[in-house]
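In our numbering, the protein residues as written are 15 to 359. Don't be surprised by glycine CBs; every beta carbon is placed ideally from N, CA and C.
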Ligand SMILES: *Cc1c(COP(=O)(O)O)cnc(C)c1O
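1) In this structure, does DSSP put residue 166 in helix, strand or coil?
2) Can you tell me where the beta strand (DSSP E) holding residue 350 begins and where it ends?
3) Looking at the strands, I want to know which residues DSSP matches up with residue 280.
4) In this structure, how does DSSP classify residue 285 when only helix, strand and coil are distinguished?
5) What is the rounded straight-line gap between the Cα of residue 217 and the Cα of residue 282?
6) At a threshold of 7 Å, does residue 221 count as lining ligand 1 (C-beta to nearest heavy atom)?
7) Let me check one thing: in DSSP terms, what residues is residue 93 bridge-paired to?
8) Report yes if the C-beta of residue 79 is less than 7 Å from at least one heavy atom of ligand 1; otherwise report no.
9) Considering Cα atoms alone, identify which of 135, 27 and 32 is closest to residue 210.
10) When every heavy atom of ligand 1 is checked, does at least one fall within less than 7 Å of the C-beta of residue 205?
11) Straight-line CA distance for residue 345 to residue 354?
12) Is it buried or exposed for residue 184, if we count other Cβ within 10 angstroms and need 16 for buried?
13) Let me confirm a value: residue 105 is counted as buried when at least 16 other C-beta atoms fall within 10 Å, else exposed. Which label applies?
14) Just the C-alpha distance for residue 46 and residue 259, rounded to the nearest angstrom, thanks.
15) What span of residues does the alpha helix (DSSP H) with residue 35 cover, start to end?
16) Determine, using beta carbons only, whether residue 204 and residue 230 come nearer to each other than 8 Å.
17) With distances taken from CA atoms, which of 75, 135 and 329 is nearest residue 298?
18) Below 7 Å, is the gap between the Cβ of residue 27 and the nearest heavy atom of ligand 1?
19) Is any non-hydrogen atom of ligand 1 found closer than 7 Å to the C-beta of residue 16, if you look at the structure I gave you?
20) If you follow the beta strand (DSSP E) that residue 146 is part of, which residue opens it and which one closes it?
21) Shorter than 7 Å, the distance from the beta carbon of residue 250 to the closest heavy atom of ligand 1, or not?
Printed below as a string of structure tokens:
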């Protein structure tokens, strides 16, 4: 059967590497949103816990429920509680309005808009934010931001970082007025953490997603990093056949055999979340053989007779071909695919 393999050793390696970059694995918030970037939340989260990760981040309460009990705290990035929630849950809050509607005792980290202009409150609104927290009896425990260009060779990242640093003393002062102390600060995602890995880490936590799974979109000029892809995608042979010169393969007959050849068809397709190759241009699977003809909903063909074929063990090949980012290829993978955890070493 088609399946995903998850390499525990690669994942452990990445987590420990990133932990080093931020001054200790206890500072790492491993991001598991969107089914752990398509890897499979229920396989990835226990692995992270086994490696020593104490903090996880997910998209919503549904995902938080799935990993309840594995971590000291779970940061919920894009959902709000309507009733009292488990003690370990912390909600990322993106506006003053959202603060107004939380049940008492909710733990919150408030997003500060330092330039991304999607979400977050302004520094000028900090006083109002703490006032609301106090009135509503919320537990305001941290402030965070998100960088829009951490992986871009420009000064934008530094401008945002400066704003975040400048905000910290103001926040601490305003918080104190309302009895809030020991605020935690976090700004960095994978790219920001790796970009600054040669400098002293200035925050309490770093929120890393893509790098934990083995990828970075940082240009090499911003540092080279020893990360290992965690996921590989495999198809199982359904049948083999010999075709003759001029025979076509697949829907639309986009591939025409230049000579007689033996081909096999495997049980994986765009219905499993693999991007749909339309037969134009050359797209190669991990063993470097090109896909022959279009990908069907549940199958694809390549030359040869191997019983199992790895489609990719490094999604950059697909990301480049489809002119998109590694995140996009990974998060599309179907949650219904079988996941197997392996040890590579
Ligand atoms: C997804 C997400 C991250 C992780 O980003 P990566 O680039 O995958 O490291 C960090 N912070 C927030 C708020 C996110 O939504």
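In brief:
1) Residue 166: coil per DSSP, three-state reduction.
2) Counting along the chain, residue 350 sits inside no beta strand (DSSP E), nor does DSSP assign it H or E at all.
3) DSSP output for residue 280 lists 251 and 314 as bridge partner(s).
4) Looking at residue 285 - three-state DSSP - the assignment turns out to be helix.
5) So the two alpha carbons sit approximately 43 Å from each other.
6) Yes - ligand 1 has a heavy atom lying nearer than 7 Å to the Cβ of residue 221.
7) The partner list for residue 93 (beta bridge, DSSP) is empty, contrary to what the question assumes.
8) Every heavy atom of ligand 1 is 7 Å or more from the Cβ of residue 79, so no.
9) Cα-wise, what sits closest to residue 210 is 32.
10) Yes, since a heavy atom of ligand 1 falls inside the 7 Å radius drawn around the Cβ of residue 205.
11) The alpha-carbon separation between residue 345 and residue 354 amounts to approximately 17 Å.
12) That one is exposed.
13) Counting other Cβ atoms within 10 Å of its Cβ, residue 105 reaches 16 or more and is therefore classed as buried.
14) The C-alpha of residue 259 is placed about 48 Å away from the C-alpha of residue 46.
15) Annotation: the continuous alpha helix (DSSP H) that includes residue 35 extends over 22-35.
16) Result yes, Cβ atoms of residue 204 and residue 230 sit closer than 8 Å.
17) It is 329.
18) Residue side-chain check: residue 27 keeps its Cβ at 7 Å or more from all non-hydrogen atoms of ligand 1.
19) Residue 16: no, Cβ never under 7 Å from ligand 1.
20) Residue 146 -> not in any beta strand (DSSP E); alpha helix (DSSP H) instead, spanning 140-149.
21) Residue 250 Cβ: outside cutoff for every heavy atom of ligand 1.
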